[in-house]
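S.K.: These protein sequence lines are chains A and B, in that order.
If you read the first sequence in the numbering used here, its first letter stands for residue 4, the second for the next number, and so on.
If you read the second sequence in the numbering used here, its first letter stands for residue 57, the second for the next number, and so on.
Glycine included, C-beta positions come from ideal geometry on N, C-alpha and C.
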Amino acid sequence: MSSIAIQVRNLSKKFSYWNDRPTSLKSLLVDALLFRVNRGQRTQFTALDSVTFEVKKGEFIGIMGANGAGKSTLLKILSGIYSPTTGSLTVEGKIAPLIELGAGFHGELSGYENIFLNAAILGFSEVEVRSKLDSILAFADIGDKINMPVKKYSSGMLVRLGFSVATHLNASILLVDEVLAVGDIGFQKKCLDRIKTLYQQGSTVILVTHEPRAVLEHCSRCIVIADRKVLFDGIPSEAVKHYEQQTKS
Amino acid sequence: MMLSQSEFLCLNHRFLVSNLVNRNLKVKYRRSIAGILWTLLAPLSLAGLYFLVFRMILKVDQPFYMAFILSGVLPWNFISQSLVEGVDSLVGNWALISKVPVPVQVFPYVGTVTNFISLLIAIPVAIAASIISGAPVGVSLIALIPLLVCLFIIVYSIAMILGITYVILRDLKNAVGILIQFWFYATPVIYSEAMIPESFKWMIYVNPFGTFFASIHSILVRGEWPQAPHAIAILAWSAGLMLLASFLYGRYRRQVVEQI
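#1: Could you work out which residue in B:89, B:59, B:222 and B:124 is closest to residue 250 of chain B when comparing CA atoms only?
#2: Could one say the Cβ of residue 90 of chain A lies closer than 8 Å to chain B's Cβ atoms, at least one of them?
#3: Tell me, to the nearest whole angstrom, how far the beta carbon of residue 227 of chain A is from that of residue 242 of chain A; I am working on the premise that it is less than 8 Å.
#4: What does residue 227 of chain B reach in chain A if we use C-beta pairs closer than 7 Å?
#5: Hey, does residue 86 of chain A have any beta-carbon neighbour from chain B nearer than 8 Å?
#6: If we require 4 or more residues per run, which alpha helix (DSSP H) segments fall completely within the region 133-191 of chain A?
#7: Are the CB atoms of residue 222 of chain B and residue 143 of chain B within a distance shorter than 8 Å?
#8: Return no unless some Cβ of chain B is closer than 8 Å to the Cβ of residue 124 of chain A.
#9: Taking Cβ positions, are residue 136 of chain B and residue 276 of chain B nearer each other than 8 Å?
#10: Suppose contacts are defined by Cβ-Cβ distances below 8 Å. Is residue 59 of chain A in contact with residue 6 of chain A by that definition?
#11: Ordered along the chain, which non-local residues of its own chain (more than five positions away) have a Cβ less than 6 Å from that of residue 286 of chain B?
#12: Residue 141 of chain A: which of A:164, A:9 and A:234 sits nearest, CA to CA?
#13: Between which residues of its own chain and residue 65 of chain A is the CB-CB distance below 6 Å, once the five residues before and five after are set aside?
#14: Can you check which of these residues, B:298, B:314 and B:246, is closest to residue 116 of chain B by C-alpha distance?
#15: Which same chain residues end up closer than 8 Å to residue 194 of chain B when comparing Cβ atoms and leaving out the 5 residues on each side of it in sequence?
#16: Here's a check: name, in chain order, each residue in its chain whose Cβ is nearer than 7 Å to the Cβ of residue 69 of chain B, leaving out the five neighbours to either side.
#17: Rounded to the nearest angstrom, what separates residue 174 of chain A and residue 210 of chain B at their Cα positions?
#18: Can we count residue 202 of chain A as close to the ligand HEM, meaning its CB is less than 7 Å from some heavy atom?
#19: Assuming residue 71 of chain B is part of the alpha helix (DSSP H), what are its boundary residues?
#20: Figure out for me which residue from B:299, B:184, B:283 and B:83 has the closest Cα to the Cα of residue 109 of chain A.
#21: Residues of chain B with CB closer than 7 Å to the CB of residue 83 of chain A, please, in chain order.
#22: Based on the DSSP secondary-structure assignment, which residues constitute the bridge partners of residue 225 of chain A?
#23: Suppose you measure from the CA of residue 215 of chain B to the CA of residue 201 of chain A; what does that come to, to the nearest Å?
#24: Among B:217, B:314 and B:152, which one has its Cα closest to the Cα of residue 303 of chain B?
#25: So the candidates are B:175, B:283, B:207 and B:153; which of them puts its Cα closest to the Cα of residue 311 of chain B?
#26: With a cut-off of 8 Å on the beta carbons, I'd call residue 127 of chain A and residue 159 of chain A a contact; round off their distance for me.
#27: Within the 8 Å Cβ cut-off, does residue 238 of chain B reach chain A?
#28: Residues bridged to residue 92 of chain A by DSSP?
#29: Taking Cβ to Cβ, would you say residue 298 of chain B is nearer than 8 Å to residue 213 of chain B?
#30: Between the Cα of residue 77 of chain A and the Cα atoms of A:198, A:181 and A:54, which residue gives the shortest distance?
#31: Just verifying my parser: in three-state terms, what is the DSSP assignment at residue 131 of chain A?
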């Protein structure tokens with residue numbers, strides 16, 4: 004067992020798309036009839052440019068960056084949705100993405116049924132859900148309404164349920180993206196406490212935020228992403244300074 | 057890289073598949089009195105209509121006509137529904153695909169499995185219709201099992217291919233709706249393979265579903281085993297389409313997530 008949870012080496016991500024690419028049958032046919040090769044223009048754009056960093060097991064690190072700096076792309080690569088164009092990514096352990104809470108919740112199904120559906124979508128097994136069911140229900144605190152269709156739930160209840168599922172299953176790395184911005188102050192505190200508990204039990208936490216206070220308060224290290232690159236990687240107070248300079252200009 | 061066989065059949069994602077199928081069935085039939093019976097009522101009423109038109113009015117001379125019609129209409133209902141839904145299986149699940157790392161072939165798989173369950177409920181009705189109408193059904197009924205497995209693979213593979221093509225070619229949805237109508241009449245569903253003129257017999261071999269219907273009619277109407285050339289054609293279509301779909305997904309599933 005190594006002590007590294009996530010290792011990112013020279014990772015770049017490029018997206019390519021076509022401008023005015025014919026995507027309808029009619030334009031394809033017209034082009035074919037006129038013997039015209041019209042594939043539009045292929046445009047590439049770089050979302051991340053040779054990013055290198057590592058996260059040790061049991062660390063609580065922050066990731067900051069102005070809008071458009073490449074944070075979302077990085078998160079999608081870390082959670083396995085996108086694959087890197089070049090460079091490498093090694094993840095040791097299972098990631099719980101607290102990016103989209105309650106992914107796949109269906110309004111017509113009950114809260115109880117949605118727990119299983121959501122956990123399955125997040126890639127957990129049935130045994131795992133059954134063994135953690137009591138603690139999921141206790142934390143979500145939905146009460147009798149757990150058997151009601153979730154379309155009748157308040158948005159606060161939905162977030163509680165989603166957060167509870169994602170943080171009670173056996174994941175060793177938590178990827179937290181601004182989810183704490185939803186819900187009332189009481190709930191935000193409860194979520195942070197839950198994340199801290201998991202951290203104290205040995206989980207690795209990656210917190211993506213625009214909030215300098217959260218970084219200063221919780222993180223032992225912070226990475227600032229600017230212009231698709233790692234601008235700074237080090238102590239939070241310095242990181243916040245870099246971040247604030249970035250957003251000023 | 058091709059999808060492996062276990063990836064093709066989503067074997068490592070059984071919990072996810074069962075939850076999504078469960079969701080589809082529950083959502084479809086919640087607050088409905090007839091519930092899952094609707095999966096039978098729609099094709100049965102269609103079969104009744106064909107019976108009326110072709111037997112009573114056009115006076116088609118086909119023994120055990122009710123058995124004949126049901127053994128054709130019920131599988132066709134599975135095919136057309138799965139393919140229409142298959143077109144939208146990736147694009148329609150964009151919200152999930154772009155936010156959670158799920159293998160994308162799960163979505164056409166779940167759609168096809170949901171419809172296949174309806175077919176499995178309907179097949180006993182077709183068998184009962186054969187027995188009641190006096191068709192000489194017998195041991196060849198066993199051949200239904202491999203036949204339906206092949207049908208599942210063919211339909212799932214085509215649904216996969218349609219789903220991934222729809223990501224870059226948005227005309228497909230309208231085109232498939234029309235195509236399926238033509239496909240229905242080009243396939244021996246409500247007419248028998250024997251009615252096809254000798255010079256057009258090749259058509260059932262170039263149609264992935266052609267020899268399936270010839271075979272299911274042999275089993276449920278004449279009580280015979282499927283003919284060897286028909287069985288070979290079905291196996292070849294299953295293997296070929298499965299390879300093509302596995303190739304396309306192996307190669308392009310990463311891009312799909314970024315292109316939707």
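M.R.: Per the coordinate set shown:
#1: B:124
#2: no
#3: 5 Å
#4: Chain A residues near residue 227 of chain B: 27 and 28.
#5: yes
#6: 158-171
#7: Remark: C-beta atoms of residue 143 of chain B and residue 222 of chain B approach each other more closely than 8 Å.
#8: yes
#9: no
#10: Contact flag set, yes.
#11: 267, 270 and 271
#12: A:164
#13: Excluding residues within five positions, the ones whose Cβ falls inside 6 Å are 210, 218, 222 and 225.
#14: Nearest Cα to residue 116 of chain B within the set B:298, B:314 and B:246: B:246.
#15: Here the set comprises 279.
#16: The answer, listed in chain order, is 159 and 162.
#17: Taking the straight line joining both Cα atoms gives about 38 Å.
#18: Within the structure as shown, the ligand HEM is missing, as the structure has no ligands at all.
#19: Where residue 71 of chain B is concerned, the enclosing alpha helix (DSSP H) stretches over 70-85.
#20: B:83
#21: 157
#22: A:65 and A:237
#23: 42 Å
#24: B:217
#25: B:153
#26: Incorrect: roughly 24 Å between the Cβ atoms, too far for contact.
#27: no
#28: A:11
#29: In contact: residue 298 of chain B and residue 213 of chain B (Cβ atoms closer than 8 Å).
#30: When A:198, A:181 and A:54 are compared, the shortest CA-CA separation from residue 77 of chain A is found for A:54.
#31: It is helical.
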